[in-house]
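Take a look at the structure below.
In UniProt numbering, the protein residues as written are 1 to 248.
This is the structure we're talking about:
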């Protein structure tokens, strides 16, 4: 039995919306205000600790963790900004427990991870969120924690993140949930390219994205006023080539 003192718990709780948030958590660990995860999770620990808002920080040398294990089934990995994201899967309805067919759990978790560098050591930040928490009324970054309010990320730590593709403050959930197709792609100039890109990135989560009132506008996600949801929905139908909508 694992004693309470040896139990593996999240490094902190909150929503990591950008590399800046992840750097803030890592800086707090480096200063000793937060703790790295000392080892991998046990199955019982994972059932209790893995929930929306849980953030885990580990590094291979001290933890021995090569591949993060949380005892859940995840879909294909996708890139969102500088994060890698995966959606929780469940057995398809009507299929037996031995079935190998799974579907996305729309009400489940999304796992996101990012790797940061410090003095030639890779630190991995793994966090979890539900779609309602990340894009709904509770949306917010990691900075609400009293532990992190007075933490400043050292310049040296920022300078060592040369592998990141975006500025640390880039929030892919607000600034741009999609990466435009490269120049020269025949579909890049298509008027509906942003919506198609969104579908490629969010995949089966797009219905949740729409349900919560978000739409892609010029390649960026916007929380729309209810009065224009109907118009936005019509545009989605037009994108899909469905009849019955007047765009004039």
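Glycine included, C-beta positions come from ideal geometry on N, C-alpha and C.
With respect to the 7 Å criterion, residue 46 and residue 70 are classified as neighbours on the basis of their beta carbons. With a threshold of 16 other beta carbon atoms within 10 Å, residue 156 falls short and is exposed. Within its own chain, the residues whose Cβ lies closer than 6 Å to the Cβ of residue 129, once the five positions on either side in sequence are excluded, are 15, 52, 110, listed in chain order. DSSP places residue 26 in no beta strand (DSSP E) but in the uninterrupted alpha helix (DSSP H) bounded by 19-30. Annotation: residue 163 to residue 113 spans about 14 Å, alpha carbon to alpha carbon. Nearest neighbour of residue 31 by Cα position, chosen from 122, 153, 142, turns out to be 153.
Residue pairing by DSSP puts residue 86 in a beta bridge opposite 111. Take the alpha-carbon of residue 68 and the one of residue 122: they are about 14 Å apart. Within the same chain, 19, 114, 164, 165, 166 come within 7 Å of residue 82 by CB-CB distance, once the 5 residues on both sides are set aside.
Beta-bridge pairing by DSSP links residue 116 to 123.
With respect to the C-alpha of residue 124, the residue from 13, 9, 26, 8 having the closest C-alpha is 26.
Residue 146 sits exposed, since fewer than 16 C-beta atoms from the chains shown fall within 10 Å of its C-beta. Here residue 80 carries a strand assignment [DSSP, helix/strand/coil]. Rounded to the nearest angstrom, the Cβ distance from residue 50 to residue 72 is 7 Å, consistent with a contact under 8 Å.
If you ignore the 5 residues before and after residue 40, its C-beta comes within less than 6 Å of the C-beta of 65, 69, all in its own chain and listed in chain order. The C-beta distance from residue 172 to residue 80 rounds to 5 Å, short enough to meet the 8 Å contact threshold. By the CB criterion at 7 Å, residue 8 and residue 34 fall outside the cutoff. Excluding residues up to 5 positions away in sequence, 36, 37, 65, 124 lie with their Cβ nearer than 6 Å to the Cβ of residue 58 in the same chain. By the Cβ neighbour-count rule, residue 88 is buried, with 16 or more other Cβ atoms within 10 Å of its own.
Judged by DSSP in its simplified three-state form, residue 54 adopts strand. Between residue 22 and residue 151, the gap from beta carbon to beta carbon reaches 7 Å or more. A buried status is given to residue 24, since no fewer than 16 other beta-carbon atoms sit within 10 Å of its beta-carbon.
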